[in-house]
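Structure record follows, encoded as C-alpha cells.
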Amino acid sequence: MTSLLRSDIAEARLTYEGRYEAREMSNEKVSTFNLRHQEVMDFYGLELAKGTVFIIEDRVSGLSNLGVFRSKQLRQGVILAAALPAAAVAIDGFGSLQDLPKEEQTKAMVNRLKRRNDRNAAQVMGEVLQITTETFEVGDEVIIESAITEGVRVKPGLEAGGNPTIPVGALFGKKEHCSRYGRGVSKEVTRLSMGSDVIDGTGKSVKGFHSSLTALFVTESDFKRHLPDIYVERWMAGAMFPEFNPRSTDLLEETKIIAEACGIRDLSEMTAYFLDRPRHHLPMDQLNSMGVSTPYDKDGDLFPAVVMGLDGLRCPDGRGFHSMIGEIGGSAEWTVGALPLVWRGGQSLGMLTSQSSLTRKDLSPEELWNERFHYTEEELILLQDARFEQKPYFTVCDLMDKPFAGGVSAFGAISDNYFFPHLEGVKVDRERGFITTNTFMVNSLGNIEHWQLTFKCIEGIEATGKKMQSPKSALRGLDEAEIDKQIKAMVDDQLKRFRLKQFFVNEYYPAIIHTDGKMVVLENTVEGLIARGALSEYDRAIVKAVVRDVPEWFAGPA
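In terms of our numbering, the sequence shown has 210 at position 191, counting the first letter as 1, and numbering is strictly consecutive.
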C-alpha cells in the first residue's frame with residue numbers, strides 16, 4: 020500500500036497526551052488484593068508486590084450502573100483473567116518463532132505455535148474465571164456463560180479452525196449451579212455472559228510483534244442473538260452516530276454521517292482504520308480520494324475499536340484516531356471491541372459478509388470488495404438462523420438484552436501496544452522473579468483505567484510458568500500407553516485434574532455436547548478434526564484416555 024494518506028501502525032504508532040493520572044496502590048491495598056484473590060494467587064505461586072492504577076476517564080455515563088460488578092473481587096477477577104494469560108504467553112510462547120532456524124519457520128509451524136499460545140491463554144483465562152467464581156459466598160454467587168468467542172471458523176489456506184479457545188457455552192461457576200444451568204438455577208445466583216478473544220494478534224505473539232493482547236468482557240446482560248464466527252463489515256466511531264442501513268448508503272454518505280457525529284467538518288481531518296488486506300484496497304482508495312487518512316496494521320482490529328475517539332490519542336500527522344468505515348474482520352473481534360466502545364459513548368454497526376467470497380484467491384481486490392455479500396446457501400442459512408434477514412445490519416442492542424447492564428472489559432498487553440503507548444507488554448524479570456502486566460479496563464459506566472500490576476513469583480519464574488502451561492505440553496510426542504499413564508497421574512492429583520478439565524473443554528469443544536453438567540464426546544467429529552488438520556493423531560489417544568479414566572465427567576455416547 021502506497022499513499023501519503025496511508026500509514027503502517029508498525030512504523031507510525033499512535034501517541035497519547037490525554038488524562039493519565041497515577042494512583043499507586045498502598046501497602047494495605049496490595050495486601051487486601053492478595054487476600055481477596057488468594058486462591059488465584061496461590062494456584063500460580065504468585066503474590067502482588069505493587070500496583071498502580073492510571074485513571075484515563077472517570078466520568079460516569081449515566082446509562083448504566085455496575086450492578087453485581089460492585090463486587091471488587093468480580094471486577095478485579097476480570098482484570099486478572101486478562102493479565103495472567105498475557106503473562107503466561109510472555110513467559111512461554113511470545114516470539115517463539117524467532118527461536119527456530121529460518122528453514123523451520125513454515126506456515127505449518129506458525130499455526131502450531133499460534134495454537135500453543137491460544138491454548139495457554141485460554142487455559143489460564145478459564146482457570147482464573149473458574150477459581151474466582153468458586154470462591155464467592157452464598158448471596159454473592161455468579162455463573163458465567165461464554166456467549167462470544169474467536170477461533171472457531173476455518174480460514175481456507177490459512178487455518179484449520181477449531182483453535183483452542185473459551186468455547187461458546189462454556190460455564191464458570193460452582194458445580195451445583197453449572198449442573199442445573201438452564202433448568203432451575205437459584206435466583207440468588209446471578210447469571211453473567213462473557214465474550215472473549217483469548218489472544219487478539221496471535222500471529223504477532225509468536226513472531227514477537229507489537230500490539231498482541233488478551234481480551235474479554237463479562238456482563239449481566241443476556242445475549243438474545245447468536246453472532247456466527249464469520250466476517251463482519253463494521254462502521255465504528257468514538258462518538259454516537261445514528262444507525263443507517265449500509266445497503267442503502269455509499270461510502271461517502273457513511274463517512275459524512277460518522278464525521279458529523281465526531282464533530283469533523285473537513286474530511287481531510289478524519290481517519291478510518293483498516294486491516295492490511297486486499298479486500299480493503301478499494302474502500303481505502305475511495306476514502307483517500309475524499310481526504311480521509313487510513314492507518315492500517317497487519318493484524319488486529321479489536322483493540323483499535325476500544326480506544327477509538329479517545330481524547331488525546333493522535334496519529335503521527337496530528338489527526339485523531341476516529342473510526343472504522345467498511346473495515347471487515349471477525350465477528351468476535353467486532354463484539355468484544357464494540358461493547359466497551361459503546362460503554363464509552365461510541366457507536367458500532369456491523370453486517371455479516373461472505374467469508375467464502377472474501378477468502379477466494381482468484382479474485383482481484385476490487386472483486387473481493389464487490390462480492391463481499393455474495394453469500395453461499397450455507398452462509399445465508401446462518402444469517403437467517405441469527406434472524407438478520409429483515410434487518411441486515413446490527414448493533415450491540417440487536418445482540419444483547421441490556422448492553423448497559425453492569426459489566427467489565429479487560430485487555431492484557433502481551434507485547435507493547437502501538438495504539439495506546441502506555442500499555443507496555445509483559446515484563447519478565449527472570450533473575451529476580453517478578454512479572455509486570457499492563458491491562459486496559461473499560462466498564463459499563465464508561466470508566467477507563469490502566470492497571471499496572473507487578474507480581475512476585477514465590478518459587479521463581481520457571482515454576483510459575485509451568486503452573487500456567489496447558490496440560491497438553493506434558494503429553495506431546497508420547498505414545499498411547501504413555502499418554503494414558505500421564506492422564507491417570509493428572510486425574511489422581513486434585514490441581515492437575517482441575518486443569519485437565521479446563522484444557523479438555525477448550526481444546527475439544529467442536530466435538531463435545533454438554534448436558535446436565537456432563538459431556539458427550541462425538542468420536543466421528545474428533546476423526547474429522549484430525550483429518551482436516553485441526554487436531555493431531557495423538558489427540559485421539561488423549562480423548563480416549565480422558566473418557567476412560569474420568570468417566571464421571573461424561574454422559575453416555577451420542
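Note that beta-carbon positions come from the ideal geometry of N, C-alpha and C, so glycine has one too.
If you're wondering where the values come from, they're calculated on a predicted model, not measured in any experiment.
Original post:
On the three-state DSSP scale, how would you describe Ala280?
Top reply: helix
Original post:
If you pair each beta-carbon of the segment 89–97 with each one of the segment 483–501, do three or more pairs fall below 8 Å?
Top reply: no
**OP:** With DSSP collapsed to three states, give me the class of Asn543.
**Re:** helix
**OP:** Please confirm whether Ala189 and Val355 have their CB atoms less than 7 Å apart.
**Re:** no
Original post:
Leu294 to Trp353, Cα distance in whole Å?
Top reply: 13 Å
**OP:** In the DSSP assignment, find the unbroken beta strand (DSSP E) run with Met487 in it and report its ends.
**Re:** Premise fails: Met487 lies in the alpha helix (DSSP H), 480–487, not in any beta strand (DSSP E).
Original post:
Taking just the CA atoms, how far does Pro490 sit from Arg138?
Top reply: Cα to Cα, Arg138 sits roughly 10 Å from Pro490.
Subject >> Heavy atom of the ligand ADP within 6 Å of Ser198 beta-carbon >> reply: This structure lacks the ligand ADP, and indeed carries no ligand of any kind.
Original post:
Taking C-beta to C-beta, are Lys133 and Val72 nearer than 7 Å?
Top reply: Contact flag unset, no.
Original post:
Under a Cβ-count criterion, where at least 16 other Cβ atoms within 10 Å of its own Cβ denotes burial, should Cys416 be classed as buried or exposed?
Top reply: exposed
Original post:
If you draw a straight line from the C-alpha of Ser212 to the C-alpha of Pro120, how long is it?
Top reply: 43 Å
**OP:** Output the residue ranges of the alpha helix (DSSP H) runs that lie fully inside the segment 216–261 and measure 4 residues or longer, sorted by chain position.
**Re:** 221–226
Original post:
For the 8 Å Cβ check, are there 3 or more pairs between the segment 189–203 and the segment 57–77?
Top reply: no
**OP:** Tell me, please, whether the segment 275–284 touches the segment 379–388 by the rule of three or more beta-carbon pairs shorter than 8 Å.
**Re:** No: fewer than three Cβ pairs fall under 8 Å.
Original post:
Thinking C-beta only, is Thr184 closer than 7 Å to Thr168?
Top reply: yes
Subject >> Arg253 beta carbon less than 7 Å from that of Glu390 >> reply: Against a cut-off of 7 Å, the Cβ pair of Arg253 and Glu390 comes out as no contact.
Subject >> Inter-residue CB distance, Gly257 and Arg131 (contact presumed, cutoff 8 Å) >> reply: Wrong, their Cβ atoms sit about 38 Å apart, outside the cutoff.
Subject >> Every unbroken alpha helix (DSSP H) inside the segment 299–330 [4 residues or more] >> reply: 300–309, 322–326
Original post:
Is DSSP giving Ala189 helix, strand or coil here?
Top reply: coil
Subject >> Per DSSP, the bridge partner or partners of Phe430 >> reply: Ala234, Phe459
Subject >> Collapsed DSSP secondary structure at Asp512 in the structure displayed >> reply: coil
Original post:
Using DSSP with H/G/I as helix, E/B as strand and the rest coil, what is Phe52?
Top reply: helix
**OP:** Tell me whether Glu207 is buried or exposed, calling it buried when 16 or more other Cβ atoms sit within 10 Å of its Cβ.
**Re:** exposed
Original post:
Helix, strand or coil: which one does DSSP assign to Arg38?
Top reply: coil
**OP:** Kindly confirm or deny that the segment 108–127 and the segment 392–401 touch, where touching means at least three C-beta pairs closer than 8 Å.
**Re:** no
Original post:
Rounded to a whole number of angstroms, what is the C-alpha to C-alpha distance between Leu519 and Glu30?
Top reply: Roughly 42 Å between the two C-alpha positions.
**OP:** Grab me the residues of Thr290's own chain with a C-beta within less than 8 Å of its C-beta, minus the 5 sequence neighbours each way, in chain order.
**Re:** Result list for Thr290: Val311, Ser312, Thr313, Pro314, Cys334, Arg338, Gly339, Phe340, His341, Ser342, in chain order.
**OP:** Can you give me the Cβ contacts of Arg284 inside the same chain, cut-off strictly under 8 Å, excluding the 5 residues immediately before and after it?
**Re:** Ala278
Original post:
Under 7 Å, do Thr458 and Ala101 count as touching if we go by C-beta distance?
Top reply: yes
Original post:
Would you call the CB atoms of Asp248 and Ser350 closer than 7 Å?
Top reply: yes
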